[in-house]
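Take a look at the structure set out below.
Chains as they are written, first to last, in full-length UniProt numbering: chain A, 1 to 388; chain B, 1 to 388; chain C, 1 to 388; chain D, 1 to 388.
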């Protein structure tokens, strides 16, 4: 099998999970711009996600956010997904949108609030039991805005206690994925601000606790691929939340801000077997299409991950290893750049045709009439947004 | 007059303008936490601002945000302010909260949207004519999220055209104050991202166009006091928007994150005569009290500016100049630090007593019962928030 | 002429100036690693620069650093350059490597040091008169390390005075190019820290004073292409110092850290006519090949600029403009990305063959035996390094 | 015992270690400015360190850097230190200043270079055996400058192997302290870039492997006190390298850039018992006095740590805890700020007098004539600098 064919073989099996919330309205603290035709409930989000999968062939599941996507009967939701060819994926817990959480959820100084937050996390595991989801993804907005506001160590104690209780609650085939984020919405301390904090907690929890790397959640200048490589070496990389940023957690389309960085990240993944058949890394998008249409925004995102992956797969690792061993700085860099500079769009078009998908997903979606259809259909009701 | 008395003399005349929006609810894109007793209209905001002035003695005006604070009759609003001992101050234009502004206001590629935005700016000048406000503060959220989305230069052309039209519309005693901001809500380009851009536009507009320095609107590592000193030297510093930040535009209480930086900024102001009787620099707060109570948050902010100012006034400039001229690095730094390390709270308590204000503004407010009163009174109606 | 041919036409005329100091040893404050065969005098630097031009065809001049490259007779130096097919280019003044400059050069509190620095700048203009150089590039390391160390405004006064004196000294066909840099070696204030400062000074000096954008000299998160577009619009962009960085002023090979950023910068240049025949923008490299061999490092750098330029030239500006005007965010971004994702290496290989240059400059240099030759020849004497 | 007396009791026992290299010349890659009277050998560095201790009373040991401070007989060196009232402290290994280390030391792709580096580390433990030093501090400049240059994971394997070998070599009362640093001199990857990496390695090594927090080694926006609190909670904080910075690793006088941050860090230390009698945290300075005189620079640094410590000790922890538990954001912040805003210089002057030290260390040193003496004495020979 040539490198090209080997690359296609991996690309054919690649799976990228879509976030249900990407299809709803989103924005900044200054304004949420409403778009036409956005979903009004989880079922419509599933329909939109299925369109992304239909046009790309590699996005066969949708992550849910609880309570945004809470329904009475998850079996019904699961069947709705199955009907359009996708699955329910990761369950994302939301303990940041209740007035009680003003000073934190599981790390709140008030035990009653902590209890409430923990109960919600348990409820999320209940949902997992019903949806058959493997992963519980935890992101805590918890932190403080002012020095002295709360005790940094005490908050870690509370965090450890909550994580431990949740981990205990999981069944043997379920995992806890702990996300970290430098800042926002907390502006002085964040209780899980970096990969080291997430890693240290996961280590204590056990085998099935792993770190989630959100590509937009780092301090300026952080080398993300180093973190990815380090966590892969430790067997502690659980999931990616893909997006991109120029400044802070901008939640732009993955690969839009720094496509070379995305390539370097995926090269570390490929290099460590992270795309192998037995890999348990979850590859998810986590983005906000504030000003661009949502479905094409997701399609473009999936394509960007595919393109970066394809380039990563084309690296001549033998030549690279030889140059590295020889201390040939420019030679080794040149091998990597040769792959990056390759135009992989023809390869991916070919792959799509082999998979029975239109080689031009953006064009195919535009021509499909789906955008016009949902704009016409989804009138009345309350559009889904963050919190809706 | 001793240094201490001279300092008090300046501090007695200091004026810090309060932003009407600081009294309403605010938050992040993740959640706006509602507080009890927040104002439901501009009149209630004025009442709250007057309380801050009553407890500090140095906050005698309130900045308005249009349309948030739009009323039918500004004479009525002005009288309401006068009745409680304060004035209406700077008019802040808001061209970022309408769905039409999704791709920009005055720099929007669509001429109809630009026209709408410009009309709003003209309407703001109409308000100024009625309130007697000197300053029109312009902050544009305009920018782009993705490379290629729009033409950077063309947007500058549109910006220049709008600024020029507004400047023409001003009367001879009115000023245009142009704010800059690195990013947010735009995540790739911002049309006025830095002081240089604002300065260049103001230079072309004329004498009465000046730059506004918001202390939270810079890239990491930016030396803000350098910018302040530079603009003062050029006669182009029009106003401050005071707040503080650890990460991005966190809009925390001024001085809360880096009190030494606030001191250095105010030292440059003092040093350049920016607190002299004939200075026309507007000193405003621009903050969001997301998790702390709003009125005490404003009182603390005013006190922080006072403390930093007091320290700046206590610098032994003669000794400083001598050490600087001698190239005595540690000596010169030591002179500055001597002032910074001084506990100026007794001096300010003394000043307050002389001004007939309680020496402990935070305590006095807590004891006043005002918080309990507004919590009881302001029930029903719609609480004012960003956009309310 | 097709887009491809039009692009080649511009690429054929492109000129990238090489810095003499890139061929000497360089390093960090921790260690300068010596390489074999590095030049021992300006003549050997010229020989190396000529090799880069021989292999690329677009690097026909060398920038000098005074006093590093000072010689008794510049006519002799000029002839040496002409003999190997290149020209002497920009003169870079160095007022940062004398013990007298510990607290600054032209902004030093000591007038005697200022005088010495100014004399050196005059001497650089003398050199220009003899080399026929058009541009005097000024980078001042001047600044302070500690708050209070010196007066920020007074240093601006001194800076303005020195710049004015130098500008007066220039003849009508000579230009002053003022570089800015956020920090290093000064760690608190830098006297020309950002483009705004450089722009403001240049504006006062006159037509022939322009700003130099060094791509590594910005705060994290700065949008460099915005600055480039803004300065081009103002007619104040004088020169580029190309390099790349992940963290601070890393001085890596241009395009190595963020090739997409380099493409966006060059797109703004192309878009504003900056590569037109009548453009007077100087495109220079300014890098330190600390661990990689110098000559191949320069060849790769030139190639990277070429590749980014080629992609910028391939943007379908008509389609882009249409998408921008229509507010089609994803469409406009897609047009830009289509050009970026194109593999332009075949186009450039073709161009090189047409220009009589080997299509594979890196390989051609490796095969040339030049590296072995200089390693053998340049033994003894003092290797050129920063300051040598 | 009042809070004031309790504070003095801790301050009396505080110990701050001085770095031998702070007394030698240092600088940036652009220039090392030579100062008069700097030491020419380790004995003269010891003499200078002893002066700092004489004037402050709390700096009774000196850290050595090997090979910079290598001598034939460490017993002689130890006696020289004892003679002037101080001890030899931490041994700092230097594997970054040999041409062999261009591509790394213990992570170099070449096994021979790794062996050489490891041998040096073993030699450092030999030195410890002779000096009686408890701590081996390891900072590796290892990393890469270009993507692809070397394999990130393989370098971690090599690092782990070297650390393990060194840890094995230590005796039961010796510790390995692993420092991390974001970047410089490596500009793409650093092999130990953050606390998480250091922590993960230390965890595997064992009890006596701990993390060193250098306050200048973080990405912009990093909350250092969070890291300190986290490591203290884990029992993994081994040492501080104190300095301060505005931009990158500026190595300025500790507390000079952000005294409030230093206070917050020390508050976490105090809060976690890090200054208790049984604490094994090493408090060291690690600075470069590039433009200021070295001995006064060290005295000022020690004083700055003392002042921040004194303020941290004055926090009313009972009131703080009560406000935190009540969710009183402004109240809790106010308690912390009350301590920070206190002028502790009188307290420290009093303490010094009680300890038999001049209450004004800077003045006392200036009056002592020591500066003039060493300037006169230390003529000829080679001044100690980085690498000397």
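Heads up, the beta-carbon is just placed ideally off N, CA and C, and yes, glycines get one too.
Alpha carbon of residue i to alpha carbon of residue j, nearest angstrom
i, j, result
"residue 142 of chain C", "residue 288 of chain C", "21 Å"
"residue 132 of chain C", "residue 88 of chain C", "8 Å"
"residue 388 of chain B", "residue 45 of chain B", "Caution applies to residue 388 of chain B, whose pLDDT of 48 falls short of 50 and renders its modelled position unreliable; the model cannot decide the point."
"residue 203 of chain B", "residue 12 of chain B", "33 Å"
"residue 255 of chain A", "residue 319 of chain D", "49 Å"
"residue 146 of chain A", "residue 92 of chain A", "28 Å"
"residue 116 of chain A", "residue 62 of chain A", "27 Å"
"residue 37 of chain A", "residue 244 of chain A", "25 Å"
"residue 2 of chain D", "residue 134 of chain D", "35 Å"
"residue 43 of chain C", "residue 294 of chain D", "41 Å"
"residue 76 of chain D", "residue 301 of chain D", "29 Å"
"residue 99 of chain C", "residue 23 of chain D", "18 Å"
"residue 280 of chain C", "residue 342 of chain D", "58 Å"
"residue 233 of chain B", "residue 192 of chain C", "14 Å"
"residue 311 of chain B", "residue 303 of chain B", "12 Å"
"residue 237 of chain C", "residue 327 of chain C", "29 Å"
Candidates the options, of which the one nearest residue i by Cα
i, options, result
"residue 60 of chain D", "D/173, D/48, D/66", "D/48"
"residue 64 of chain B", "B/58, B/360, B/178, B/78", "B/78"
"residue 292 of chain D", "B/15, B/290, B/332, B/184", "B/332"
"residue 284 of chain B", "B/264, B/278, B/306", "B/306"
"residue 389 of chain A", "A/348, A/327, A/281, A/296", "No answer is possible for residue 389 of chain A: the residues shown for chain A start at 1 and end at 388."
"residue 71 of chain A", "A/338, A/127, A/237", "A/127"
"residue 158 of chain C", "C/106, C/137, C/209", "C/106"
Local Cβ density within 10 Å of residue i, reported as buried at 16 or more and exposed below that
i, result
"residue 373 of chain B", "exposed"
"residue 344 of chain D", "buried"
"residue 380 of chain C", "exposed"
"residue 268 of chain D", "buried"
"residue 375 of chain D", "exposed"
"residue 400 of chain C", "This structure cannot settle anything about residue 400 of chain C, because the visible part of chain C is limited to 1 through 388."
"residue 111 of chain A", "exposed"
Bridge partners - residue i, DSSP secondary structure assignment
i, result
"residue 65 of chain B", "B/92"
"residue 17 of chain C", "C/284"
"residue 244 of chain D", "D/252"
"residue 179 of chain A", "A/212"
"residue 239 of chain D", "D/212, D/282"
"residue 204 of chain A", "Looking at the DSSP assignment, residue 204 of chain A forms no beta bridge with any residue, so it has no partner."
Residue i beta carbon near the ligand GTP (any heavy atom closer than 7 Å)
i, result
"residue 356 of chain A", "By its list of ligands, the structure shown contains no ligand whatsoever, and the ligand GTP lies outside what it can speak to."
C-beta neighbour in chain F for residue i, strict 8 Å
i, result
"residue 145 of chain D", "Going by chain labels, chain F is absent from the structure shown, which instead holds the protein chains A, B, C and D."
Next item on the list: Would you be able to state if there are at least three C-beta pairs under 8 Å between the stretch 272-287 of chain D and the stretch 348-357 of chain D?
Entry: no
Margin query: Across the stretch 169-177 of chain D and the stretch 160-177 of chain A, are there enough close Cβ pairs to call them in contact, namely three or more that are closer than 8 Å?
Written below: no
Notebook entry, point to check: Okay, do the stretch 153-163 of chain B and the stretch 218-230 of chain A touch, 3+ Cβ pairs below 8 Å being the bar?
Noted result: In this structure the stretch 153-163 of chain B does not touch the stretch 218-230 of chain A; the number of beta carbon pairs closer than 8 Å is below three.
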